[in-house]
Structure formats: C-alpha cells, structure tokens
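Let me begin by presenting the structure, written as structure tokens, before commenting on it.
Residue numbers (this note's numbering), protein chains in the order written: chain A, 4 to 487; chain B, 3 to 102.
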C-alpha cells in the first residue's frame, strides 16, 4: 500500500471555478429570499459573476500552473476553452429571461443551474486526471438534464429531459468502463502518467485491455459531442428543450466534450494514434454526412439546427483526425466562432417564436426579412457563417480544419468535408429564401427587442465578423493555446 | 484467493446485462436501474484493479462514481415524476412527441 501523501493544493488554479460556484450558490439563496415576479435581476447577477470569472480566467493566460497534485491544470488550452464556455453561458443567459416569461416557467433556478453547468465544463477542460474529467462531465450533465426538462408544464420539455437523462447516463457507463480499463492497463488515472507508462512499458495496440478502454472512452466522448452513430438523442433533446438552453447545449457542452476528448486522446494515448485516427476518421465522415443529409429534410428550425450541430461536430472531428497544429488550432478557433453564430441564430429563433414553442417551422419565416430588416440581416450573417461563406468566421474555421487535414495527408477526408459543407448551404439558404422570397402571411408584430437581446445579438454579430475579417489575431491565440 | 480475471469477467457480465437491459426494457425506471447496474459493474472493475495493482486511485474513483450516481438518481427520478404528471406513463414508447 502506498503512503498517503497530502497533495500540494494550489487554490489559485481553481479560483475561477470557486468564484463561479460561490456566485451560483449565492444566487440560489437570493432566489429563495427575494420575493417578486420578475427574475431578470438574477440573470444580471449571474452575468456579473461570469464577468468576474472571465477576468480571473484570463489573468492566468501564459502562466501555466497545476494544483491538487496534478489533477487539474491552468494552461492556455484550458483557458481558451473556459473563455468559450463563459461567453456561451453569458449569451444564453441574456436571451433566457424573455423566453421564460413567455413560456410561463419563470423560475430563478435556471441561472444557478447554467452557472453550475459552466463550472462542470471548466473542470472538464482543465482536468488532467480521468477523475477530474469525469467529475466535470457529470457536474455538467446533471445540470443539463434539469435544464433540458426545465419547462415542467410542457410535455415536450419533459420528454427531452428524460430522454437526455436516460441516454446520457447510459453513455456515462461506457465512458467510465473505458476509464476503468485504461486504469487497469496502466495503473494510473493521470493523463500524463498514462502516456509515460505506455511509453515506458512499451505497450501498443496489441494490449487488448488498453484498446478496449480507448474504444469505450471514444464511444462516451462521441456521445457527448453528438457524433454519429451516437447522435440519436440530439435532435429530440434540442427540439424539446427550452430554446435558450438548446443554444447553450449546442455550444458549451460540445466544446467541453471536445476539450476533454482532445486532452485524453492527444496527451494520454498518442501510442494508439494509428488506431484512434482511423476510428475518428470514420466518425467524422459519418457525422458530417448523416448530419447534413438529415438536416435537408427538416421542417422545424430547431431540429434543423440540431442536425446542423451534428454536422459541425463532424467538421471539428476532421481537425481532430489531422491531429497537427493547424487542425487542432482550427478546432479551437471553430468552437469559438461556432459559439457566436449558433447562439445568435437561436436568439432570432426565440424572437420569432410564440408561446408554447409555436412558430418554429422554417416556413414561418416567410417575409421576416422585410418586416424586420435588421434582424433579417443578422440572421443572414449567422446562417452564412454556419454555411461557411466568407467573410464570416465559420469560413475561416472550416478553412483551417480542412487545410489541417490536407497537410496531414487526409485528402479524401478534406474532400468529403468540403462536399458536405457545400450540401449544407442548401438548408441554410432555404431559411433565407423563406425570409426574402416568400410572401409574408404575418406581420411579426410580437417580435420585440429588449436591451438584453440587442446586446446578445451585437456580441454575436461582432463575434462572427471580427474573427472572419481578422482571423490572424484569433488564430494566433488558438495556436498559443495548444499543448503540443 | 480468486485471480483478478474472475472479478473482471464478473463485472463484464454485469455490464453486459445492464447494457442489454437498457436496450430491451421499456419502463424508464427499469432502464435507469440497468444503468445503475452498469455503473456498479464499473465500480467492481475499479476495485478489482485497485487491489491487484496495490494502488488506491481506483477506490477513490469509486467514491466519486457513487456520489455522482446518487446525484443522477435524484435528478432522474424528478424528471420521471415531471413526465408522469403530464403523460401518466413512464413507458419509453410513450415518449413519442419528438420525432421526425
């Protein structure tokens, strides 16, 4: 038996997580003790918490540190992802209040839950031990199950929450079994030590236990990032969940899943690179193709964006297969720009929607572009970016992902990716065709902006256009964030 | 003293039974119990390895898994109650509102 050594605790490393958790707990109490119908003030308080946390996160840029005997680190990679999570959380909170009032489920608990989910994501990105990554994943997932089913009175929301819960817990089982087998094969749960042990003991893919552990972990992560063939939950959950939470879910947890996926596979299992590259290659092709082809047939716009988010996970997996500096920096850049464009598009969907999640079909957007020209242009910017048309950020991101794949010699993968991207233009343009070329049957009188919405849309438009026009600055940051 | 293989085979069998249960049963609570069985099969694997390797990490992992499973149970059962109130059923066949 080992002696128990008190680990070197370095609280500064988890300062952002601590600050955000304290804010979330304080909000829970404030929500109980302050009477009143409107819960918007909780949203503003949580945004204040996020801003404080953001400063705490950014102050660590360029100063690598580790704490809790190396189970958690503060490196640029984690910081880059944490910034994405905080932006996604803040933008989702800005569009939450109006939606909850409209749907009649105005309960303040939603804000602390979003903050707790964000803490989970931050732990996932910063964790360098399978235990920390698992714990972060579960803090995130348990909060998300509630958020998906948050509208208790709506059967759709109940169904989304329950489906997400059952399938999420199921996939956690696979991820954990993979972690257990990896632990058994290497005798440690720390990602760096796993790699060191594999290199030292000279094990390779002939070790079936390690191979099975790798496959099971890949299954678990593929489920969390909604990669085909483990994507079946995504459309149902995204359609049924409250729209602001769909926006949050499609961005934050996906980025967190990729952060942990990248760290575990690139740092801990480089010895199995030949095997997992092949596996991720198949996942990438399936995910892009299934996501795009199914999106072509969707009438409900939330469901369409759910399939589109599956396709986007596929593009990111292309960068993962490449595994080189360009591809990996492309993943970071892409997740950042995806946060802006997707939440922006969902903000417009909330504005156009009516009580009871009505008016969510693509055909309901007929004539919207003329009735609300500015919102129409904003929606076009987001859709162009999602489709990958320059000068939007989505184009630059895809460009780096695919050129990473070409540099690494995966020409066919890049070709399949570009073809898929071309096919995806159809369903994004279809929304624009309805917005501008179909006769309007509605006056869209209920579409009213609030300051929070204007702020969210401004951030989203800026976040799509600025990295699109000045990609150098952001790509430089993404490259500094790599751990290779 | 049994060899480690006996424990690993037992936990693999338990994990497989849990997986089959999730895929074939129709009652949400039974599915959730099957998921719990999968998690406990993993716990057994962790403890067997921990004992075999003489390393405590696996046992600490099990504490975390149990805590998380308890939190998941609380949230999952609450979601089932919310669904039951609106639908008067927890059969997964009745979760049919969302499909394409």
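Glycine is no exception: its CB is placed at the ideal position from the N, C-alpha and C atoms.
{"Asked": "Looking at the secondary structure, which residues open and close the alpha helix (DSSP H) in which residue 380 (chain A) lies?", "Found": "376-390"}
{"Asked": "In chain B, what lies closer than 9 Å to residue 134 (chain A) by C-beta?", "Found": "59, 62, 63, 66"}
{"Asked": "Can you have a look at residue 68 (chain A) and say buried or exposed, based on whether 16 or more other CB atoms are within 10 angstroms of its CB?", "Found": "exposed"}
{"Asked": "Across which residues does DSSP place residue 68 (chain A) in a beta bridge pair?", "Found": "A:77"}
{"Asked": "Let me make sure I understand the geometry here. Which of A:164, A:324, A:225, A:24 has the alpha-carbon closest to that of residue 415 (chain A)?", "Found": "A:324"}
{"Asked": "For the pair the region 67-77 of chain B and the region 85-99 of chain B, tell me if three or more CB-CB distances fall below 8 Å.", "Found": "no"}
{"Asked": "Name the two residues that bound the continuous alpha helix (DSSP H) containing residue 301 (chain A).", "Found": "Unbroken run through residue 301 (chain A): none, as it is neither H nor E."}
{"Asked": "Quick check on residue 33 (chain B) - is its C-beta less than 9 Å from some C-beta in chain A?", "Found": "yes"}
{"Asked": "Between the region 101-108 of chain A and the region 349-358 of chain A, do three or more beta carbon pairs fall short of 8 Å?", "Found": "yes"}
{"Asked": "State yes or no: is the beta carbon of residue 172 (chain A) nearer than 9 Å to at least one beta carbon in chain B?", "Found": "yes"}
{"Asked": "Put residue 46 (chain A) into one of helix, strand or coil per three-state DSSP.", "Found": "helix"}
{"Asked": "What number of angstroms, rounded off, separates the C-alpha of residue 159 (chain A) from the C-alpha of residue 167 (chain A)?", "Found": "12 Å"}
{"Asked": "Comparing the C-beta of residue 157 (chain A) with each C-beta of chain B, is any distance below 9 Å?", "Found": "yes"}
{"Asked": "With a cut-off of 8 Å, do at least 3 Cβ pairs link the region 469-477 of chain A to the region 334-354 of chain A?", "Found": "yes"}
{"Asked": "Classify residue 130 (chain A) as helix, strand or coil using the three-state DSSP reduction.", "Found": "strand"}
{"Asked": "Flag residue 95 (chain B) as yes if its beta-carbon sits less than 9 Å from any beta-carbon of chain A, otherwise no.", "Found": "no"}
{"Asked": "The alpha helix (DSSP H) with residue 203 (chain A) in it runs from where to where?", "Found": "194-204"}
{"Asked": "If you run the structure through DSSP and keep just helix, strand and coil, what is residue 358 (chain A)?", "Found": "coil"}
{"Asked": "Touch check for the region 295-309 of chain A and the region 379-388 of chain A: three-plus C-beta pairs under 8 Å?", "Found": "no"}
{"Asked": "For residue 465 (chain A), report the span of its alpha helix (DSSP H) as first-last.", "Found": "454-472"}
{"Asked": "Return no unless some Cβ of chain B is closer than 9 Å to the Cβ of residue 439 (chain A).", "Found": "no"}
{"Asked": "Quick one: measure Cβ to Cβ for residue 417 (chain A) and residue 405 (chain A), integer angstroms, because I've assumed they're closer than 8 Å.", "Found": "4 Å"}
{"Asked": "Apart from the five residues on each side of it in sequence, which residues of its chain come closer than 6 Å, Cβ to Cβ, to residue 253 (chain A)?", "Found": "312, 345"}
{"Asked": "Three-state secondary structure (DSSP) at residue 7 (chain B)?", "Found": "helix"}
{"Asked": "Counting along the chain, where does the alpha helix (DSSP H) carrying residue 442 (chain A) start and finish?", "Found": "Looking at the DSSP string, residue 442 (chain A) is not in any alpha helix (DSSP H), and its letter there is neither H nor E."}
{"Asked": "Within the present structure, is the beta-carbon of residue 400 (chain A) separated from the nearest heavy atom of the ligand ZN by less than 8 Å?", "Found": "Judged by which ligands are present, the structure shown has none, so any question about the ligand ZN falls away."}
{"Asked": "Assign residue 132 (chain A) to one of two classes, buried (16 or more other C-beta atoms within 10 Å of its C-beta) or exposed (fewer than that).", "Found": "buried"}
{"Asked": "Straight-line CA distance for residue 63 (chain A) to residue 17 (chain A)?", "Found": "11 Å"}
{"Asked": "From this set, A:192, A:101, A:121, which residue's C-alpha is nearest residue 143 (chain A)'s C-alpha?", "Found": "A:121"}
{"Asked": "The alpha helix (DSSP H) spanning residue 368 (chain A) covers which residue range?", "Found": "Run containing residue 368 (chain A): none; DSSP gives neither H nor E here."}
{"Asked": "Would you mind sorting residue 28 (chain B) into buried or exposed? The rule is 16 or more other CB atoms within 10 Å of its CB.", "Found": "exposed"}
{"Asked": "Out of A:245, A:81, A:230, which one is the CA nearest neighbour of residue 1 (chain A)?", "Found": "Residue coverage of chain A in this structure runs from 4 to 487, which leaves residue 1 (chain A) outside it and unanswerable."}
{"Asked": "Kindly indicate which three-state DSSP category residue 29 (chain B) falls into: helix, strand or coil?", "Found": "strand"}
{"Asked": "Would you please verify whether the beta carbon of residue 7 (chain B) is less than 9 Å from any beta carbon of chain A?", "Found": "no"}
{"Asked": "So, are the CB atoms of residue 156 (chain A) and residue 455 (chain A) less than 9 Å apart?", "Found": "no"}
{"Asked": "First and last residue of the alpha helix (DSSP H) that includes residue 101 (chain B)?", "Found": "Note, residue 101 (chain B): premise wrong, no alpha helix (DSSP H); not H, not E."}
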